[in-house]
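Here the structure is laid out as structure tokens; the discussion comes afterwards.
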Amino acid sequence: IRARFDERFAEQIPGSLRMRDRADRVLVAPTHMHRYFFPSTYPLFVREARAGRVTDVDGNEYVDLSGGYGPHILGYAHPVVTEAITSAATAGPVNAIGNEPEVEFAELLVDSLPGAERALLCNSGTEAALTAIRLCRAHRRRDTVVKFEGHYHGFSDQGMVSSWFRFTGDKHAPEPIAGSLGSQRAVVKGTRVLQYGDIGGLDRLRAEADDLACVVVEPLPSSTATLDREFLTALRERCTEWGVPLIFDEVVTGYRVTYGGAQSLVDVQPDLTLLGKIIGGGLACGAVVGRADLVEMCRSTEDPFLDYEQRAFAGGTLSGNSLTCRAGAAVLRHLRDNPHLYRELEEKTERLRDELIESTRKRGIPCRVGARGAIFSLNFSHRSAGVYRDRMAGSNFKATIALAYYMRRHGVYIPELHSFLLSTAHTDDDLAVVGKAFDLSVAEMAD
Ligand code: PLP
420 IRARFDERFA EQIPGSLRMR DRADRVLVAP THMHRYFFPS TYPLFVREAR
470 AGRVTDVDGN EYVDLSGGYG PHILGYAHPV VTEAITSAAT AGPVNAIGNE
520 PEVEFAELLV DSLPGAERAL LCNSGTEAAL TAIRLCRAHR RRDTVVKFEG
570 HYHGFSDQGM VSSWFRFTGD KHAPEPIAGS LGSQRAVVKG TRVLQYGDIG
620 GLDRLRAEAD DLACVVVEPL PSSTATLDRE FLTALRERCT EWGVPLIFDE
670 VVTGYRVTYG GAQSLVDVQP DLTLLGKIIG GGLACGAVVG RADLVEMCRS
720 TEDPFLDYEQ RAFAGGTLSG NSLTCRAGAA VLRHLRDNPH LYRELEEKTE
770 RLRDELIEST RKRGIPCRVG ARGAIFSLNF SHRSAGVYRD RMAGSNFKAT
820 IALAYYMRRH GVYIPELHSF LLSTAHTDDD LAVVGKAFDL SVAEMAD
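Residues are numbered in UniProt numbering as their position in the sequence shown, beginning at 1, plus a constant of 419.
Structure follows, in structure tokens:
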């Protein structure tokens, strides 16, 4: 397949093909985040990224719907971010020493979420989840984490349990399954897995409530882009009743669906919120924001021996570095001060969704497009409802991967197995290119 592919694209992307061969010698695989797992059908190496488009090393331009998997809500190289990073770099990047950007950034985070009292900064969504779970375990002196099938909380053993593709057990009582080879079995076995939306599952958990460290959930799972207010309200009530901290993973949805994240759309307040992606303005960043007594589980006492007994440890060399914090603060301020951007993003997303649905409908191709705010997910599937594993079982992943290949030939970069993300920088022209590329692609694929 590769030889045929290379022959066909030798003229269009010679530089990317050469770069892929170079990368193959030193990296696990040549392209983007899923590089460690899903081989790309169409190597793309970017030389420049501006607003809603990326340009590859051969000079081909693509409208980008990956948004770098989330951070670039303002589009690539937005002036407020570029200026913030440049001035912080000029002032001298500071890390592991207190700095003003860190304080200002934490203030913005805490002020943005109702009821939040403290922020703890780290370097990725994965780290945010790891840290929050440790804080809850320390607080509760319990081990068991409850999570939901199909929800991903970063690449740790814990974050990946039952997070994708392979599921076992009854769908209403899923058995925990490792998300990756190499996961510690004890971590996997010590996880309780439920279905998002299944209030009965929550009630069955009642008998074990005393053993639980925390419950972690994506309030608006980006894989389906659905938000279940009734379920989240029930989950909040149960957690409050049982005294078990509730963690919302808003690594994707925070500042994307609206400034206050999915929690503000349903008016349900978690005890801790996990953040990442957008809050770093494209630099590595994560945060845990929420209840003071939980976050302060890692505040030092004056006695290191006592700390060992009574405190959790959380921290990292680059956590709260001034460069990231300046970039993140610039993005947050811009979003906070321009609420119309969210209305525009939603309008653009809905317009595009309708266009894509129409392209497949008129050809009789089964396709589901879930959309919410600036997130949309596309599945070639008949199934519009059901729990995550039902939707997965009904989806034609090969078609989704093929779509990415066709779209790139028509000037649009979509990630192969990830939701699509729009930015405030996408223009009407960009959306027209996407609509046309999709229409041509599905027509070619149907042939
Ligand atoms: N949580 C969710 C919901 C995510 O989608 C992701 C990443 O895609 C993470 C956590 C992990 O974030 P990161 O990739 O920054 O470690």
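Note that beta-carbon positions come from the ideal geometry of N, C-alpha and C, so glycine has one too.
What you are looking at is a predicted structure, and each value in this text was computed from that prediction instead of being measured.
query = Would you call the CB atoms of G705 and I698 closer than 9 Å?
reply = Taking the first residue of the sequence shown as position 1, residue 705 is located at position 286. Taking the first residue of the sequence shown as position 1, residue 698 is located at position 279. Yes; because the gap between Cβ atoms is below 9 Å, this pair is in contact.
task = Give the DSSP-derived three-state secondary structure of V565 in the structure shown.
result = Position 146 of the sequence shown, counted from the start, is the residue given in the question as residue 565. When secondary structure is reduced to three states using DSSP, V565 falls in the strand class.
inquiry  = Tell me whether V671, by its Cβ, gets closer than 8 Å to a heavy atom of ligand 1.
reply    = The residue labelled residue 671 in the question sits at position 252 within the sequence shown. Relative to ligand 1, the nearest heavy atom lies less than 8 Å away from the CB of V671.
request  = Report the option in A731, V714, A818 and G679 whose CA atom is closest to the CA atom of L754.
outcome  = If you number the sequence shown from 1, residue 754 lands on position 335. It is G679 whose Cα lies nearest to the Cα of L754.
message = I'd like the list of long-range same chain contacts for G789, defined as Cβ closer than 7 Å, with 5 residues on each side in sequence excluded.
response = Position 370 of the sequence shown, counted from the first residue, corresponds to residue 789. Within the same chain, G789 has close Cβ partners T643, A644, T645, F795 and S796.
message = What ranges does the alpha helix (DSSP H) occupy inside the segment 667 to 732, keeping only unbroken runs of at least 4 residues that lie completely in it?
response = 680 to 685, 711 to 714 and 723 to 729
inquiry  = Under DSSP, the alpha helix (DSSP H) around P433 begins and ends at which residues?
reply    = Position 14 of the sequence shown, counting from 1, holds the residue named residue 433. Here the alpha helix (DSSP H) through P433 covers P433 to V445.
request  = Note down, in chain order, each residue of its chain lying with its Cβ closer than 8 Å to the Cβ of residue 952, except the 5 sequence neighbours on either side.
outcome  = Given a span of 420 to 866 for the chain in the structure shown, any question on residue 952 remains unanswerable.
Three-state secondary structure assigned by DSSP to Y455 = Locating residue 455 in the sequence shown gives position 36, where the first residue counts as 1. Here Y455 scores only 44 on pLDDT, less than 50, and its place in the model should not be relied on; the value that follows carries that caveat. Here Y455 sits in helix by DSSP.
task = Express the C-alpha separation of L694 and R469 in angstroms, rounding to a whole number.
result = By one-based count along the sequence shown, residue 469 stands at place 50. By one-based count along the sequence shown, residue 694 stands at place 275. So the alpha carbons of these two residues sit roughly 25 Å apart.
ask   = Which residues in the same chain as Y674 place their Cβ atom closer than 6 Å to its Cβ, once the five residues preceding and following it in sequence are excluded?
value = What you label residue 674 is simply residue 255 of the sequence shown in a count that begins at 1. Closer than 6 Å at Cβ, skipping near neighbours: I697 and L754.
ask   = Just to confirm, are L751 and L528 a CB contact at a threshold of 9 Å?
value = The residue given as residue 751 occupies position 332 in the sequence shown. The residue given as residue 528 occupies position 109 in the sequence shown. Yes.
query = According to the Cβ coordinates, are G471 and T846 closer than 9 Å?
reply = On the sequence shown, position 52 is the one that residue 471 refers to. On the sequence shown, position 427 is the one that residue 846 refers to. Against a cut-off of 9 Å, the Cβ pair of T846 and G471 comes out as a contact.
query = Between the Cα of T843 and the Cα atoms of E467, E430, K590 and P490, which residue gives the shortest distance?
reply = Start at 1 with the first residue of the sequence shown, and residue 843 comes out as number 424. Closest by alpha carbon: P490.
query = Hey, would you say R657 sits closer than 9 Å to R625, going by beta carbons?
reply = Position 238 of the sequence shown, counted from the first residue, corresponds to residue 657. Position 206 of the sequence shown, counted from the first residue, corresponds to residue 625. Yes. Within cutoff.
key: Cβ contact (3+ pairs, closer than 8 Å) linking the segment 599 to 608 and the segment 622 to 640   = no
message = Using 9 Å as the threshold, is the C-beta distance between V687 and T652 below it?
response = On the sequence shown, position 268 is the one that residue 687 refers to. On the sequence shown, position 233 is the one that residue 652 refers to. Yes. Within cutoff.
inquiry  = Please list the terminal residues of the continuous beta strand (DSSP E) segment that includes S796.
reply    = Residue 796 sits at position 377 when you count from the first residue of the sequence shown. I794 to N798 is the extent of the beta strand (DSSP E) around S796.
query = How is E637 classed by DSSP in three states: helix, strand or coil?
reply = Start at 1 with the first residue of the sequence shown, and residue 637 comes out as number 218. Here E637 sits in coil by DSSP.
key: Paired residues, beta bridge with V465 - DSSP   = To locate residue 465, count along the sequence shown from 1; it is residue 46. DSSP output for V465 lists D475 as bridge partner(s).
query = So what's A503 in DSSP terms, helix, strand or just coil?
reply = The residue labelled residue 503 in the question sits at position 84 within the sequence shown. Reduced to three states, the DSSP call for A503 is helix.
key: For G701, the nearest candidate out of S485, S435, R427 and R444 (CA to CA)   = Taking the first residue of the sequence shown as position 1, residue 701 is located at position 282. If we check each option's Cα against that of G701, S485 comes out closest.
ask   = By DSSP, does P449 sit in helix, in strand, or in coil?
value = Residue numbering aside, residue 449 sits at position 30 when the sequence shown is read from its first letter. Low confidence applies to P449: its pLDDT is 46, below 50, so where it sits in the model is not reliable, and the reading given next is rough at best. It is coil, neither helix nor strand.
ask   = Do C504 and R745 have their C-beta atoms within less than 9 Å of each other?
value = The residue labelled residue 504 in the question sits at position 85 within the sequence shown. The residue labelled residue 745 in the question sits at position 326 within the sequence shown. In the sequence as displayed, the identity of residue 504 is Ile instead of Cys. Pairing I504 with R745 gives a Cβ-Cβ distance under 9 Å.
key: Any non-hydrogen atom of ligand 1 closer than 8 Å to K696 Cβ   = Walking along the sequence shown from the start, residue 696 turns up at place 277. Within the cutoff, so yes.
request  = Excluding the 5 residues preceding and the 5 following N815 in the sequence, name in chain order all residues of the same chain whose CB lies nearer than 6 Å to its CB.
outcome  = Residue mapping note: residue 815 aligns to position 396 of the sequence shown, counting from 1. These residues qualify, in order along the chain: F799.
Reference K781, options V853, G734 and A865, closest by Cα = Against the sequence shown, residue 781 aligns to sequence position 362. Ranking V853, G734 and A865 by Cα distance to K781 puts A865 first.
ask   = At a cut of 8 Å, does the segment 730 to 739 reach the segment 814 to 828 through at least three beta carbon pairs?
value = no
query = When you compare only the Cα positions, how much space is there between P449 and S778?
reply = Position 30 of the sequence shown, counted from the start, is the residue given in the question as residue 449. Position 359 of the sequence shown, counted from the start, is the residue given in the question as residue 778. The pLDDT assigned to P449 is 46, lower than 50, so where the model puts this residue is not dependable; a value taken from the coordinates is nonetheless given after this. One C-alpha to the other measures close to 32 Å.
query = Given that a residue counts as buried once 16 or more other Cβ atoms are within 10 Å of its Cβ, and exposed if not, what is P758?
reply = Sequence index remark: in the sequence shown, residue 758 carries index 339 (1-based). It counts as exposed.
Neighbourhood of G620 by C-beta, 8 Å cutoff - its chain only, sequence neighbours within 5 removed = Stepping through the sequence shown from its first residue, residue 620 is reached at position 201. Taking G620 as the centre and dropping the five residues before and after it, the same chain places the C-beta of H591, A592, L613 and Q614 closer than 8 Å to its C-beta, in chain order.
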